[in-house]
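Residue numbers (the numbering used here), protein chains in the order written: chain A, 1 to 617; chain B, 1 to 349. Quick reminder that beta carbons are idealized off the backbone N, C-alpha and C, glycines included. First the structure, in the form of structure tokens, and then the observations on it.
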Amino acid sequence: MATKSQAANNNKPVEIVDRVTIRFAGDSGDGIQISGNQFTMATAFAGNDLGTMPDYPAEIRAPAGSLPGVSNFQISFSESDIHTPGDAPDVLVAMNPAALKVNLRDLGPGGTIIVNSDSFATANLKKAGYEANPLEDGSLEAYRLIPIAITQLNAKALEESPLSKKERDRCKNFYALGVIYWLYDRPLQTTLDFIAEKFAKSPETVAANQTALKSGYNFADTTEIFTSHFRVRQAQLPPGEYRNITGSESLVLGLVAASQLAETPLFYGSYPITPASEMLHELAYLKNFGVRTFQAEDEIAAVCATIGASYAGSLAVTGTSGPGAALKSEAVGLAVMAELPLVVVNVQRAGPSTGMPTKTEQADLLQAAVGRNGECPVVVLAPATPADCFSMAIEACRLAVKYMTPVYLMTDGYLANGSEPWRLPDLASLKKIPVSHAADAKSFEPYQRDPKTLARPWVVPGAPGLEYRIGGLEKAEVTGDVSYDPVNHERMVHLRAEKIRRVAQDIPPTEVFGETSGQLLLVSWGSTFGAVHSAVERVRAKGKKVSSVHLRHISPFPADLGQILKSFETVLVPELNLGQLRLLLRGEYGLPVVGLNKVQGRPFTIGEVQQKIEELI
Amino acid sequence: MTPTAPPTARPAPTRQDFASDQEVRWCPGCGDYSILAQMQKIMPDLGIARENIVFVSGIGCSSRFPYYMNTYGFHTIHGRATAIATGIKCAHPELSVWVMTGDGDGLSIGGNHMLHILRRNVDVKIVLFNNRIYGLTKGQLSPTSELGKITKSTPVGSIEHPINPVSFAIAAEATFVARAIDSETAHMQEVLKRAAMHKGVAFVEILQNCNIFNDGAWDSLKDREVKSDRLVNLQSRKPLVFGKNRDKGIRLNGYKLEVASLGSGVSESDLLVYDETETDSSLAFLLSREGRPDFPVPIGVFRDVVAPTYDELLSKQIAQAQAKKGPGSLKDLIYSGMRWTVKANGTSV
Ligand SMILES: Cc1ncc(C[n+]2csc(CCOP(=O)(O)OP(=O)(O)O)c2C)c(N)n1
Ligand code: SF4
Ligand SMILES: [Mg+2]
Numbered sequence: 001m002a003t004k005s006q007a008a009n010n011n012k013p014v015e016i017v018d019r020v021t022i023r024f025a026g027d028s029g030d031g032i033q034i035s036g037n038q039f040t041m042a043t044a045f046a047g048n049d050l051g052t053m054p055d056y057p058a059e060i061r062a063p064a065g066s067l068p069g070v071s072n073f074q075i076s077f078s079e080s081d082i083h084t085p086g087d088a089p090d091v092l093v094a095m096n097p098a099a100l101k102v103n104l105r106d107l108g109p110g111g112t113i114i115v116n117s118d119s120f121a122t123a124n125l126k127k128a129g130y131e132a133n134p135l136e137d138g139s140l141e142a143y144r145l146i147p148i149a150i151t152q153l154n155a156k157a158l159e160e161s162p163l164s165k166k167e168r169d170r171c172k173n174f175y176a177l178g179v180i181y182w183l184y185d186r187p188l189q190t191t192l193d194f195i196a197e198k199f200a201k202s203p204e205t206v207a208a209n210q211t212a213l214k215s216g217y218n219f220a221d222t223t224e225i226f227t228s229h230f231r232v233r234q235a236q237l238p239p240g241e242y243r244n245i246t247g248s249e250s251l252v253l254g255l256v257a258a259s260q261l262a263e264t265p266l267f268y269g270s271y272p273i274t275p276a277s278e279m280l281h282e283l284a285y286l287k288n289f290g291v292r293t294f295q296a297e298d299e300i301a302a303v304c305a306t307i308g309a310s311y312a313g314s315l316a317v318t319g320t321s322g323p324g325a326a327l328k329s330e331a332v333g334l335a336v337m338a339e340l341p342l343v344v345v346n347v348q349r350a351g352p353s354t355g356m357p358t359k360t361e362q363a364d365l366l367q368a369a370v371g372r373n374g375e376c377p378v379v380v381l382a383p384a385t386p387a388d389c390f391s392m393a394i395e396a397c398r399l400a401v402k403y404m405t406p407v408y409l410m411t412d413g414y415l416a417n418g419s420e421p422w423r424l425p426d427l428a429s430l431k432k433i434p435v436s437h438a439a440d441a442k443s444f445e446p447y448q449r450d451p452k453t454l455a456r457p458w459v460v461p462g463a464p465g466l467e468y469r470i471g472g473l474e475k476a477e478v479t480g481d482v483s484y485d486p487v488n489h490e491r492m493v494h495l496r497a498e499k500i501r502r503v504a505q506d507i508p509p510t511e512v513f514g515e516t517s518g519q520l521l522l523v524s525w526g527s528t529f530g531a532v533h534s535a536v537e538r539v540r541a542k543g544k545k546v547s548s549v550h551l552r553h554i555s556p557f558p559a560d561l562g563q564i565l566k567s568f569e570t571v572l573v574p575e576l577n578l579g580q581l582r583l584l585l586r587g588e589y590g591l592p593v594v595g596l597n598k599v600q601g602r603p604f605t606i607g608e609v610q611q612k613i614e615e616l617i
Numbered sequence: 001m002t003p004t005a006p007p008t009a010r011p012a013p014t015r016q017d018f019a020s021d022q023e024v025r026w027c028p029g030c031g032d033y034s035i036l037a038q039m040q041k042i043m044p045d046l047g048i049a050r051e052n053i054v055f056v057s058g059i060g061c062s063s064r065f066p067y068y069m070n071t072y073g074f075h076t077i078h079g080r081a082t083a084i085a086t087g088i089k090c091a092h093p094e095l096s097v098w099v100m101t102g103d104g105d106g107l108s109i110g111g112n113h114m115l116h117i118l119r120r121n122v123d124v125k126i127v128l129f130n131n132r133i134y135g136l137t138k139g140q141l142s143p144t145s146e147l148g149k150i151t152k153s154t155p156v157g158s159i160e161h162p163i164n165p166v167s168f169a170i171a172a173e174a175t176f177v178a179r180a181i182d183s184e185t186a187h188m189q190e191v192l193k194r195a196a197m198h199k200g201v202a203f204v205e206i207l208q209n210c211n212i213f214n215d216g217a218w219d220s221l222k223d224r225e226v227k228s229d230r231l232v233n234l235q236s237r238k239p240l241v242f243g244k245n246r247d248k249g250i251r252l253n254g255y256k257l258e259v260a261s262l263g264s265g266v267s268e269s270d271l272l273v274y275d276e277t278e279t280d281s282s283l284a285f286l287l288s289r290e291g292r293p294d295f296p297v298p299i300g301v302f303r304d305v306v307a308p309t310y311d312e313l314l315s316k317q318i319a320q321a322q323a324k325k326g327p328g329s330l331k332d333l334i335y336s337g338m339r340w341t342v343k344a345n346g347t348s349v
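Given below as structure tokens:
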């Protein structure tokens with residue numbers, strides 16, 4: 001077994017480190033995402049806490065070796081609880097000159113660069129815009145540069161393979177991965193198993209890739225380049241069963257869970273768009289869960305079919321990204337007026353317009369909160385981490401059904417594609433979602449409201465004696481008949497607003513990290529949780545006082561939020577837009593709020609947030 | 001929740017049972033009244049319980065229709081009724097789902113969704129009120145308005161080529177396509193019943209008069225003196241004969257249609273025998289193109305073919321998945337993929 005030989009070969013000293021951040025970079029065709037995912041699995045099995053972030057070009061097959069064709073995968077792993085895929089990588093693994101050029105500026109000073117030196121030939125250097133070979137011209141002196149002739153070493157290791165030269169060459173990403181596995185003391189087994197399964201149809205391919213992986217590992221062990229390797233101790237994670245999960249995956253599981261908890265079949269209407277398509281793909285597989293997926297002709301049809309399904313009694317969800325969310329707005333207004341449960345998932349990406357489809361941003365918050373015609377209140381929620389998408393998907397469905405309202409669930413590209421270990425929930429602990437359909441014809445009025453939630457009854461066609469007509473025209477209170485009465489309209493506008501306000505009674509008390517009053521409070525929402533929380537942790541670890549609050553509920557705000565904000569001298573809102581939550585908080589509470597804003601299609605680093613905190617205290 | 005056959009305990013419904021308590025608010029004399037009346041008349045004959053019928057509409061005068069039917073009804077947003085109806089039918093296939101739409105609602109703002117519901121063959125019945133004008137917004141050009149038409153938005157005449165709704169539906173391979181006229185009430189009832197009985201998408205264009213903004217748009221087909229010469233009522237598997245004295249017919253000359261006078265050497269056996277069940281839609285399309293002044297306008301059923309419906313295929317895929325894999329287990333789904341356990345002492349295995 002590999003693990004044994006591995007143990008037998010381990011004859012170089014091991015250095016213990018507490019956290020490592022590695023970025024794999026290469027051509028989109030180089031298998032970078034596979035390498036990253038494999039390293040992630042091995043790391044999860046080694047018991048570290050971790051966070052990952054893939055970053056790939058929008059072009060499917062950008063020209064090989066070109067700068068736009070570079071695909072990245074970053075992972076950070078640690079012996080302690082971490083919340084982000086790391087700021088600057090400690091190690092950059094660059095498979096070609098373009099990958100080096102694109103990523104060098106992110107590498108921390110003194111960082112390690114491992115390159116495939118064979119790929120630094122004239123043609124590739126030219127494609128990356130290098131005039132001289134950076135491996136030779138001294139320009140990388142500030143870093144620890146480790147050139148390895150991966151192409152040649154891999155070819156040599158596979159001399160005996162019956163595969164063609166081209167096929168053998170394709171194994172080189174596993175060779176490189178083997179080197180990194182040795183360097184960070186990762187077990188090979190999960191990846192050996194993966195290779196065996198992935199290439200099961202071709203035993204020669206399995207053998208070649210496994211050999212490449214092991215050869216890379218053994219090379220690192222024997223070469224003089226590396227005098228020692230590193231170990232990150234197991235993290236003290238809470239006991240339980242774990243799997244590594246992306247936000248897209250956990251959101252889908254949350255929707256399926258909600259459907260079971262509500263005992264109501266799931267309908268998912270969508271139109272393909274990056275980075276939301278994965279949800280449609282995953283749900284389309286789950287037909288035996290009674291999930292009906294509908295790939296519509298556009299986002300308008302997707303949300304409309306979903307509203308139709310809700311009207312007909314399904315748990316109705318539509319997923320998209322910014323441009324699609326823009327198309328859905330008129331129909332969301334209809335669901336507000338008809339008071340039907342609807343979940344709209346917006347996996348935000350950098351905008352406006354087509355923007356940067358594969359890059360992350362949080363600039364659709366106002367679109368969700370207020371971007372519709374008329375006074376059109378909805379619930380807005382946002383998960384904090386990839387695994388949190390599971391719980392928040394359930395929460396979105398629960399509130400939609402309970403309050404008979406559209407709910408926006410705001411994730412983003414970073415949450416959808418990023419991953420972290422997920423402690424699998426005890427299913428018995430998940431609360432049922434009560435659903436009742438009106439059935440008693442005698443007492444039925446379409447807009448008779450529940451006194452506590454103000455929700456109207458959910459009536460499913462097929463119920464005898466309850467035949468009723470609704471639509472987007474203003475309703476008379478209680479009867480739901482069409483009404484142009486001015487006083488009635490005003491009352492209905494207030495009722496719809498009040499209904500959303502009452503959702504606050506369902507929001508758990510806000511948790512404040514740190515002291516509950518003082519000089520500085522950070523307020524974050526959505527995917528910035530990791531960077532903000534870590535930055536606050538770091539500053540507090542230095543003995544300074546700073547607190548933070550992370551919002552999962554944005555419309556309405558939690559009932560206790562105003563009091564918390566007022567207990568601090570300064571409120572800082574870091575967000576990946578020009579200050580959208582800040583605007584909402586100022587509007588709601590009339591307090592001065594400071595912003596930390598970034599719109600580069602990338603998440604915050606911990607350092608950026610930390611620096612801002614230190615400026616303010 | 002699953003609807004059953006009409007309960008025998010209840011008395012058979014009448015036309016009045018399908019009328020809601022809402023006051024009908026179309027302009028006096030509007031062709032929409034006739035369509036409502038014919039629909040209420042045929043409903044009791046369909047044998048579908050009221051609670052299992054849903055009328056869905058977009059926006060327009062025509063789209064007010066659901067308020068007047070004592071069934072389930074959803075008056076939605078402009079152009080999207082077809083998409084909403086698709087969701088209703090897919091989520092709840094036992095329902096009888098109808099879409100009431102206008103020439104603007106169904107073919108302008110909703111043209112995209114119309115194309116897709118037709119090609120998908122979702123089992124929804126669509127009735128398009130074609131008054132060749134925007135009624136509710138007070139008289140602008142519609143996609144079926146004729147070239148040169150003067151309207152509020154085209155004061156010196158339209159420069160747009162109109163679309164023919166029946167041609168559109170046939171080109172989209174709708175499995176049932178028909179045309180009726182607001183004033184031909186018995187014929188409309190027949191067509192609506194046929195649409196209701198068709199399994200799959202049904203598209204019915206009704207030539208409707210808007211007496212306020214486009215009065216007389218269809219008069220040339222309504223005049224008692226000439227209408228038998230201006231209309232040909234499609235009868236499946238019968239020769240295409242028309243005319244006051246049934247002395248004219250339509251025949252194929254190469255791939256062109258022409259009018260032939262019967263007698264003088266031409267007999268019914270020389271005429272085109274039309275078959276609405278023909279899966280190749282070419283001939284149906286050819287007939288639908290007719291608008292020449294010397295040529296009669298076909299009414300009745302152009303196409304009625306059998307094909308699997310979208311909603312049925314969707315339900316089938318779910319049933320097959322459940323038969324093969326069993327009903328999904330959330331536990332198995334969540335506890336899948338590569339997993340590891342962290343023990344209470346912090347070690348991972
Ligand atoms: C998004 C949107 N755009 C425009 C309108 C205004 N509008 C309402 S009905 C209509 C046209 C209706 O024409 P048609 O479908 O032919 O119906 P008719 O009134 O003639 O029956 C328009 C443009 C609207 N309600 N919604
Ligand atoms: S405007 Fe025309 S279509 Fe509308 S109700 Fe009046 S007559 Fe009928
Ligand atoms: Mg019209």
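**Study point:** With 16 other Cβ atoms within 10 Å as the buried cut-off, status of residue 499 (chain A)
**Key:** Start at 1 with the first residue of the first sequence, and residue 499 (chain A) comes out as number 499. Buried is the call here.
Check your understanding: Any C-beta of chain B sitting closer than 8 Å to the C-beta of residue 442 (chain A)?
Key -> For the purposes of this step, residue 442 (chain A) is taken as residue 442 along the first sequence, with counting starting at 1. No, no contact with chain B.
Review point. Applying the criterion that 16 or more other CB atoms from any shown protein chain within 10 Å of the CB defines a buried residue, is residue 328 (chain A) buried or exposed?
Key: As a first step, residue 328 (chain A) must be located in the first sequence, where it is residue number 328. Burial call: buried.
Review point. Quick one: which chain A residues come within Cβ less than 8 Å of residue 334 (chain B)?
Key: As a working mapping, residue 334 (chain B) is identified with position 334 in the second sequence. Ordered by position in chain A, the residues that pass the 8 Å Cβ test against residue 334 (chain B) are 253, 257, 424, 425, 427.
Review point. By DSSP, does residue 356 (chain A) sit in helix, in strand, or in coil?
Key: The residue labelled residue 356 (chain A) in the question sits at position 356 within the first sequence. In the structure shown, residue 356 (chain A) sits in a strand (DSSP, three-state: E or B).
Check your understanding: Helix, strand or coil for residue 54 (chain A) per DSSP?
Key -> Here residue 54 (chain A) is taken as the residue at index 54 of the first sequence, counted from 1. Collapsing the DSSP output to three states places residue 54 (chain A) in a strand.
Point to revise | CA nearest to the CA of residue 71 (chain A), picked from A:88, A:49, A:94, A:51 | key: If you number the first sequence from 1, residue 71 (chain A) lands on position 71. Of the listed residues, the one whose Cα sits closest to residue 71 (chain A) is A:94.
Exercise for review: Check the Cβ-Cβ distances between residue 242 (chain A) and every residue of chain B, and say whether any is below 8 Å.
Suggested key: Along the first sequence, read from residue 1 onward, the residue named residue 242 (chain A) stands at position 242. So, interface residue.
Exercise for review: Determine whether the Cβ of residue 353 (chain B) lies closer than 8 Å to any Cβ atom of chain A.
Suggested key: Here chain B has residues from 1 to 349 only, and residue 353 (chain B) is not among them.
Review point. Nearest chain C C-beta to residue 269 (chain A) closer than 8 Å, yes or no?
Key: Of the chains in the structure shown, none is chain C; the protein chains are A and B.
Practice item. Report yes or no: do three or more beta-carbon pairs, one from the region 350-358 of chain A and one from the region 317-337 of chain A, lie closer than 8 Å? Key: yes
Point to revise | Minimum Cβ-Cβ distance from residue 486 (chain A) to chain B less than 8 Å | key: Indexing the first sequence from 1 puts residue 486 (chain A) at position 486. Answer no: the Cβ-Cβ gap between residue 486 (chain A) and chain B never drops below 8 Å.
Review point. Straight-line CA distance for residue 76 (chain B) to residue 53 (chain B)?
Key: Residue numbering aside, residue 76 (chain B) sits at position 76 when the second sequence is read from its first letter. Residue numbering aside, residue 53 (chain B) sits at position 53 when the second sequence is read from its first letter. Rounded to whole angstroms, residue 76 (chain B) to residue 53 (chain B) spans 16 Å at the Cα level.
Check your understanding: Does ligand 3 have even one heavy atom less than 7 Å from the beta-carbon of residue 32 (chain B)?
Key -> In the second sequence, counting from the first residue as 1, residue 32 (chain B) sits at position 32. Every heavy atom of ligand 3 is 7 Å or more from the Cβ of residue 32 (chain B), so no.
Review point. If you draw a straight line from the alpha carbon of residue 158 (chain B) to that of residue 116 (chain B), how long is it in whole angstroms?
Key: Here residue 158 (chain B) refers to the residue found at position 158 when the second sequence is read from its first residue. Here residue 116 (chain B) refers to the residue found at position 116 when the second sequence is read from its first residue. Roughly 28 Å between the two C-alpha positions.
Practice item. Under 9 Å between beta-carbons, which chain A residues line up against residue 62 (chain B)? List them in chain order, please. Key: Residue mapping note: residue 62 (chain B) aligns to position 62 of the second sequence, counting from 1. In chain order: nothing, as chain A lies at least about 14 Å away.
Practice item. Return no unless some Cβ of chain B is closer than 8 Å to the Cβ of residue 373 (chain A). Key: Start at 1 with the first residue of the first sequence, and residue 373 (chain A) comes out as number 373. No, because no Cβ of chain B sits closer than 8 Å to the Cβ of residue 373 (chain A).
Check your understanding: Hey, is residue 212 (chain B) close to ligand 2, as in C-beta under 7 Å from one of its heavy atoms?
Key -> Counted from its first residue, the second sequence places residue 212 (chain B) at position 212. Within the cutoff, so yes.
Exercise for review: List the residues of chain A whose Cβ lies closer than 8 Å to the Cβ of residue 94 (chain B), in chain order.
Suggested key: Counted from its first residue, the second sequence places residue 94 (chain B) at position 94. What residue 94 (chain B) touches in chain A: 462.
Exercise for review: Would you check if the distance between the CB atom of residue 554 (chain A) and the CB atom of residue 381 (chain A) is smaller than 8 Å?
Suggested key: If you number the first sequence from 1, residue 554 (chain A) lands on position 554. If you number the first sequence from 1, residue 381 (chain A) lands on position 381. It is a contact, given that the beta carbons lie within the stated cut-off.
Check your understanding: Helix, strand or coil: which one does DSSP assign to residue 373 (chain A)?
Key -> Along the first sequence, one-based indexing puts residue 373 (chain A) at 373. Residue 373 (chain A) falls in the coil class under three-state DSSP.
Check your understanding: For ligand 2, any of its heavy atoms closer than 7 Å to the Cβ of residue 36 (chain B)?
Key -> By 1-based counting over the second sequence, the position of residue 36 (chain B) is 36. No.
Review point. In whole angstroms, what separates the C-alpha of residue 518 (chain A) from that of residue 574 (chain A)?
Key: As a working mapping, residue 518 (chain A) is identified with position 518 in the first sequence. As a working mapping, residue 574 (chain A) is identified with position 574 in the first sequence. Cα to Cα, residue 518 (chain A) sits roughly 18 Å from residue 574 (chain A).
Practice item. Output, in chain order, the set of chain B residues within a Cβ distance shorter than 7 Å of residue 126 (chain A). Key: The count along the first sequence starts at 1 and reaches residue 126 (chain A) at position 126. Within 7 Å Cβ-Cβ: nothing; residue 126 (chain A) doesn't reach chain B, min ~41 Å.
Check your understanding: Of all the options B:47, B:41, B:73, which has the alpha carbon lying nearest to the alpha carbon of residue 12 (chain B)?
Key -> Mapped onto the second sequence, residue 12 (chain B) falls at position 12. Residue 12 (chain B) has its Cα closest to that of B:47, out of B:47, B:41, B:73.
Check your understanding: The beta strand (DSSP E) with residue 474 (chain A) in it runs from where to where?
Key -> The residue given as residue 474 (chain A) occupies position 474 in the first sequence. Residue 474 (chain A) -> no beta strand (DSSP E), and no H or E assigned at all.
Review point. Leaving out the 5 sequence neighbours to the left and right, which residues in its chain are closer than 8 Å to residue 549 (chain A) when beta-carbon positions are compared?
Key: Position 549 of the first sequence, counting from 1, holds the residue named residue 549 (chain A). Answer for residue 549 (chain A): 510, 511, 512, 513, 521, 522, 523, 524, 561, 564, listed in chain order.
Practice item. Within 10 angstroms of the Cβ of residue 197 (chain B), are there 16 or more other Cβ atoms? Answer buried if so, exposed if not. Key: Walking along the second sequence from the start, residue 197 (chain B) turns up at place 197. Classification of residue 197 (chain B): exposed, given that the 10 Å Cβ count is below 16.
Check your understanding: Is residue 378 (chain A) closer than 8 Å to residue 618 (chain A) when the C-beta atoms are compared?
Key -> Missing from the structure shown is residue 618 (chain A); chain A here goes from 1 to 617 and no further.
Practice item. Would you verify that the beta carbon of residue 290 (chain A) is, or is not, closer than 8 Å to some beta carbon of chain B? Key: Here residue 290 (chain A) refers to the residue found at position 290 of the first sequence. Taking Cβ atoms only, chain B reaches closer than 8 Å to residue 290 (chain A), which makes this a yes.
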